[in-house]
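Here this note's numbering is used: the first residue of the sequence shown is 151, the next is one more, and so on. Beta carbons: idealized from backbone N, C-alpha and C, even for Gly. Here the structure is a predicted model, which is why all the values come from computation and not from measurement. In what follows, a structure is listed as structure tokens, so that the remarks can point back to it.
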Amino acid sequence: MIYFKTDEEIELQRESSLLVGKTLAEVAKHLKPGVQTAFLDQIAETFIKDHQAIPGFKGYGGFPGTLCISVNEQVVHGIPGKQTLKDGDIVSIDCGVLKNGFYGDSAYTFAIGNVSEAVLHLMRLTKEALYKGIEQAIDGNRIGDIGFAVQSHVEPFGYGVVRELVGHGVGRKLHEKPEVPNYGKRGNGIKLRVGMVIAIEPMINLGGRGVTQEADGWTIRTNDRLPSAHFEHTLAIKQGKADILSSFEEIESVLNNMNG
Ligand code: MG
Ligand code: MG
Numbered sequence: 151m152i153y154f155k156t157d158e159e160i161e162l163q164r165e166s167s168l169l170v171g172k173t174l175a176e177v178a179k180h181l182k183p184g185v186q187t188a189f190l191d192q193i194a195e196t197f198i199k200d201h202q203a204i205p206g207f208k209g210y211g212g213f214p215g216t217l218c219i220s221v222n223e224q225v226v227h228g229i230p231g232k233q234t235l236k237d238g239d240i241v242s243i244d245c246g247v248l249k250n251g252f253y254g255d256s257a258y259t260f261a262i263g264n265v266s267e268a269v270l271h272l273m274r275l276t277k278e279a280l281y282k283g284i285e286q287a288i289d290g291n292r293i294g295d296i297g298f299a300v301q302s303h304v305e306p307f308g309y310g311v312v313r314e315l316v317g318h319g320v321g322r323k324l325h326e327k328p329e330v331p332n333y334g335k336r337g338n339g340i341k342l343r344v345g346m347v348i349a350i351e352p353m354i355n356l357g358g359r360g361v362t363q364e365a366d367g368w369t370i371r372t373n374d375r376l377p378s379a380h381f382e383h384t385l386a387i388k389q390g391k392a393d394i395l396s397s398f399e400e401i402e403s404v405l406n407n408m409n410g
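Here you go:
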């Protein structure tokens with residue numbers, strides 16, 4: 151069953167989603183070689199609670215962190231802990247918050263220090279693919295149009311599109327129907343309608359698309375141990391153009407200040 155949202159509910163969800171972007175921006179200020187991922191998780195948890203919201207992932211299915219922090223070959227669902235970031239790493243940070251009864255969900259992949267051109271290109275293409283998918287996320291289109299747009303943007307470069315994990319509806323629950331795969335055929339799948347709120351989240355591998363779950367029961371990594379990137383927005387389906395509820399603006403303003 152798909153839960154359609156009223157305009158009022160979408161505004162509540164915008165608030166939750168924008169708080170995710172602000173949280174990721176706060177975390178971004180602390181990204182540097184030597185930082186421990188558990189420290190980043192603590193920053194996020196404090197920030198979310200200071201904004202009268204609840205970390206959306208903590209305790210979800212037993213997940214121990216506020217953030218999913220996935221480094222290099224880790225695709226998603228990495229558990230914050232003793233691991234420290236090194237120069238040349240990339241780190242995908244996924245965050246969810248619950249506020250006013252609604253979830254927001256968004257993710258961003260960051261470069262730590264000097265990252266190779268090849269990996270920077272993967273990150274750039276993954277973010278572009280997210281927006282290509284969003285362009286297709288409009289009333290009257292179908293789920294397969296989104297996946298097709300994502301897939302056809304990255305596969306010509308030889309990148310692997312992860313299939314085992316998908317985007318999703320989001321609302322009063324973190325994961326609602328429908329599933330939103332990052333691959334697909336144009337015109338296939340259920341029809342998108344005004345009032346649907348979905349998370350689109352391409353997970354794109356530098357190498358093959360195969361992934362494995364680590365023994366910790368959470369972390370998903372690439373089979374070939376080549377790096378993977380992940381970008382995610384929460385958005386509402388509208389006529390003509392999606393309404394992106396989350397934002398990368400604060401994150402990118404922090405990154406620009408750090409590099410400038
Ligand atoms: Mg997410
Ligand atoms: Mg998600």
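Opposing strand residues paired with residue i [DSSP bridges]
i	result
H380	M353
I243	I219, Y258
T362	R371
L385	I348, I394
I288	According to DSSP, I288 bridges with nothing at all.
Residue i vs residue j beta-carbon contact at 8 Å
i	j	result
L324	D255	yes
M353	G319	no
Q363	G334	no
I401	G171	yes
I284	I394	yes
G297	G337	no
L376	L405	no
L169	H201	yes
V225	I370	yes
F252	G184	no
R359	V316	no
S166	A203	yes
E223	T372	yes
M273	A379	yes
H271	W368	no
beta-carbon residue i near ligand 2 non-hydrogen atom, thresh 7 Å
i	result
A392	no
H318	yes
E161	no
E314	no
E382	yes
Given residue i as reference, the closest of the options once Cα atoms are compared
i	options	result
G390	Q202, R164, A287	A287
D366	I229, A175, R359	I229
R292	K208, G339, H271, N406	G339
K232	V177, I219, S242, Q163	I219
P205	N406, S242, K249	K249
I240	E158, Y210, T187, F207	T187
G246	G263, F197, E278, L235	F197
N332	E314, E326, V344, G321	E314
N409	K179, K277, S266, K199	K179
Q163	S403, T372, S396	S396
E382	Q192, F189, G212, L174	L174
V361	F398, E159, G310, T259	G310
Y281	A299, D289, Q192, N264	A299
S131	V177, E158, K155, L217	There is no way to answer for residue 131, as the model of the chain reaches only from 151 to 410.
I160	G212, E399, A392	A392
Anticipated Cβ contact below 8 Å, residue i with residue j, distance rounded
i	j	result
D244	A257	4 Å
A268	H303	The pair is not a contact, with the Cβ atoms about 17 Å apart (cut-off 8 Å).
V330	I387	Not quite, the Cβ-Cβ distance comes to about 11 Å (not below 8 Å), so this is no contact.
V265	G308	Not a contact, Cβ separation roughly 18 Å.
Proximity test, residue i beta-carbon vs ligand 1 heavy atom, cut-off 7 Å
i	result
E351	yes
D255	yes
G345	no
D366	no
G294	no
G246	yes
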